[in-house]
Amino acid sequence: DPKIIQKPKYLVAVTGSEKILICEQYLGHNAMYWYRQSAKKPLEFMFSYSYQKLMDNQTASSRFQPQSSKKNHLDLQITALKPDDSATYFCASSQETGGDTLYFGAGTRLSVL
Amino acid sequence: QQQVRQSPQSLTVWEGETAILNCSYEDSTFDYFPWYHQFPGESPALLIAIRPVSNKKEDGRFTIFFNKREKKFSLHIADSQPGDSATYFCAAISGGSNAKLTFGKGTKLSVKS
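Pasting the structure below:
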């Protein structure tokens with residue numbers, strides 16, 4: 001059974017719309033992350049959370065907002081979608097931040113038309 | 114700002130040969146260097162990792178060679194098999210609660226039989 005669940009697996013959106021990507025991890029980890037992967041920028045770090053607190057944000061745009069309602073949840077809200085946002089978004093987790101093995105979810109493949 | 118540089122972008126070897134993938138870094142505070150592999154349609158997964166207390170780490174056919182002075186590390190895949198065909202990402206991180214794992218751009222390895 002997958003230990004990091006991402007929903008949905010595939011997502012098609014129209015330009016200007018808003019979507020939420022869901023991530024839940026059942027590894028008992030304290031740190032969670034979002035990474036984005038596209039042909040232009042493989043495995044680009046976006047956010048890191050530790051104990052539900054934002055630790056690092058490398059996303060220039062405020063259109064991307066992480067949301068952590070529980071320790072094992074880290075959703076990603078994306079507003080005013082653009083075609084350039086098309087990518088696979090990976091949620092990941094580790095026991096703690098800094099040097100622990102990162103475990104990735106299966107990803108959400110987002111296409112913005 | 115690219116903190117981890119990876120080469121080559123793509124590599125083709127014959128079955129049985131040793132594949133060599135290279136990475137270099139700039140930040141001298143980095144103290145953990147993992148390699149991840151990603152098969153088509155799947156998420157990245159940890160393959161092997163090294164800390165700079167040693168200059169070599171072996172796990173079966175996979176070996177990391179680390180050169181702290183030159184800030185370089187490489188992954189050697191001995192006796193390459195067609196099943197090793199994947200994209201390999203090197204990464205680096207420094208300790209600390211704000212640390213994030215920074216990935217190289219990846220090397221697409223093809224092993225021909």
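These protein sequence lines map, in sequence, to chains A and B. Residue numbers are given in this note's numbering: position 15 of the first sequence equals residue 15, and the series is strictly consecutive. All you need for this note's numbering is the position in the second sequence, starting with 1, plus 113. Even for Gly, the Cβ is constructed at its ideal location relative to N, Cα and C. As the structure is a computational prediction, the values presented were derived from the model and not from experiment.
- If you check the CB distance, S50 of chain A and A31 of chain A come in under 8 Å.
- Of the residues assessed, Q25 of chain A falls on the buried side of the cut-off, its CB having 16 or more other CB atoms within 10 angstroms.
- Using a CB distance below 7 Å, the part of the segment 69-99 of chain A facing chain B consists of F90, T97, G98, G99, ordered along the chain.
- Annotation: L134 of chain B to F216 of chain B spans about 14 Å, alpha carbon to alpha carbon.
- Secondary structure of D85 of chain A (DSSP, three-state): helix.
- For F104 of chain A, the neighbours in chain B by C-beta distance under 8 Å run, in chain order, S156, P157, A158.
- Apart from sequence neighbours up to five positions away, the residues of its chain that approach N72 of chain A with a beta-carbon distance below 7 Å are E24, Q25, Y26, ordered along the chain.
- Under the DSSP assignment, V224 of chain B falls in the beta strand (DSSP E) whose first and last residues are 220-225.
- The bridge partners DSSP lists for L113 of chain A come to none.
- Of all alpha-carbon atoms in B:F175, B:L159, B:I190, B:N168, the one lying nearest the alpha-carbon of E183 of chain B is that of B:N168.
- Across the set B:L214, B:W148, B:S207, the C-alpha of B:L214 shows the shortest separation from the C-alpha of M46 of chain A.
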